[in-house]
Amino acid sequence: MSWNYVRMPEIAGLQTRWTHLSEIGEFGLITIFLEGHAITSDNEAGLASGHNDIELSQAGRSQAAGEKRQRYESIKIDTVFTYDLRRAYETAQITFECKNVPIIQDARLRSWDYGNLTQRSRAEVTVV
Numbered sequence: 047m048s049w050n051y052v053r054m055p056e057i058a059g060l061q062t063r064w065t066h067l068s069e070i071g072e073f074g075l076i077t078i079f080l081e082g083h084a085i086t087s088d089n090e091a092g093l094a095s096g097h098n099d100i101e102l103s104q105a106g107r108s109q110a111a112g113e114k115r116q117r118y119e120s121i122k123i124d125t126v127f128t129y130d131l132r133r134a135y136e137t138a139q140i141t142f143e144c145k146n147v148p149i150i151q152d153a154r155l156r157s158w159d160y161g162n163l164t165q166r167s168r169a170e171v172t173v174v
């Protein structure tokens, strides 16, 4: 009996599915990790950043160099994809600097644009 399907691993609580071996291709399984940016001054102030291009706070830099880097310490990473705002790119740079891997920025990976609610309190954005 041969098995033609494999169970994709559960990653960070994402739903798993059965995958036909023909979908895997010659390079084998690809694992994708989803990681949020580290803490910004907007996060600390309780503000919704949206597409506002804000950098990491000192606490965020420490978070990226500490717990985020440690999370990936023993995992082989080939490429990092991030959206094009400073907070995301800076998180990737700090977190993966020891990995010596390419970091590719793409604006299509951005999260929500809050429009007129940008820089408003998270409580105001949540109500709307």
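Numbering-wise (the numbering used here), the sequence shown opens with residue 47 and increments by one.
Beta carbons: idealized from backbone N, C-alpha and C, even for Gly.
Secondary structure at leucine 155: helix, using DSSP grouped into helix, strand and coil. Distance from the Cα of proline 148 is smallest, within the candidate group Tyr129, Leu131 and Asp124, for Asp124. Measuring C-alpha to C-alpha distances from leucine 131 to each of Ala110, Tyr118, Ser120 and Ser157 identifies Ser157 as the nearest. For glutamate 90 against alanine 105, the beta-carbon gap comes to about 7 Å, under 8 Å, which counts as contact.
Taking C-beta atoms under 8 Å as the contact rule, tyrosine 135 and glutamine 109 fail to qualify, at a distance of about 15 Å. The residue from Gly82, Tyr129, Gly96 and Arg168 with its alpha-carbon nearest to that of leucine 155 is Tyr129. Residue pairing by DSSP places threonine 128 opposite Gln151 in a beta bridge.
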